[in-house]
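Notes follow the structure.
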Amino acid sequence: MKKNSHQALIMLPGVLWVVAGTKLILKAVSAILNAELPFSLSLLLSILSWGMSYIKHHYILKRSAETQHTLAVQLIFKRITAKKYLKASFLSKRFLIMVSMIFLSLGLRHLISHIPSLFILRATIGYALIRAAKTYFSLIQKTLPQT
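Here it is, written out as structure tokens:
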């Protein structure tokens, strides 16, 4: 089977989720390292964030990844056009929710001065976005034709 011509478009949402999630995690880690908190507290905050991200992913973002996969399947089998795929992917309510989560966590740094709270907020959203991307990529891997 030949390679899908829309493969880059199909991978774009997952890549954006990974990039945004990684950026949030890096900002969270940077803030906590600059605050020079004890390792045990940093570890506890990381575990708490990881657990909260599981809940956020399971109840909110997993459905977004599955919906995005459904759109990708429709594009692969030419049930929708690339234009409709982009519109449904990036002008949808679920995508706007993800973008607002990212900007909320980045914008709250001016309002939250408590470093552990800021870490939990950023790390939880970052981990959840990366989990959503992982879910999406695993679904896509089963769908895209192998070259």
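In numbering that gives the first Met the number 0, the protein residues as written are 0 to 146. For every residue, glycine included, the Cβ atom is placed at its ideal position computed from N, Cα and C. It should be emphasised that the depicted structure is a prediction, and the values quoted were computed from it without experimental measurement.
Selection from the options that minimises the alpha carbon distance to residue i
i    : options                 : result
G13  : R121, K61, H113 and R78 : K61
L105 : I24, S4, M10 and H5     : I24
L142 : I79, T69, I129 and Y126 : According to the sequence shown, residue 142 is Thr rather than Leu. Nearest option by C-alpha distance: T69.
I46  : R78, H109 and A122      : A122
Q147 : A71, K133, T80 and K82  : Any question about residue 147 goes unanswered here, given that the chain covers just 0 to 146.
Beta-carbon proximity list for residue i, same chain, < 6 Å, skipping 5 on both sides
i   : result
K1  : Residue confidence is low: K1 scores 47 on pLDDT, short of 50, so the model does not pin down where it sits. Its coordinate-derived value is still stated next. Counting only Cβ-Cβ distances below 6 Å, and skipping sequence neighbours, we find nothing.
G20 : G125, L128 and I129
Y58 : none
Where residue i falls: helix, strand or coil (DSSP)
i    : result
E65  : helix
H113 : coil
P217 : There is simply no residue 217 to check, as the chain begins at 0 and stops at 146 in what is shown.
T80  : coil
H5   : coil
L143 : coil
L43  : helix
L103 : helix
S29  : helix
Proximity of residue i and residue j at Cβ, strictly below 8 Å
i    : j    : result
A27  : Y135 : no
A30  : I114 : yes
L138 : A81  : no
L74  : Y84  : yes
S88  : Q67  : yes
Sequence-distant residues of its chain with Cβ nearer than 8 Å to residue i (five each side left out)
i   : result
L40 : P115
Own chain partners of residue i with C-beta closer than 7 Å, once the 5 adjacent residues on each side are dropped
i   : result
H56 : A127, R130 and A131
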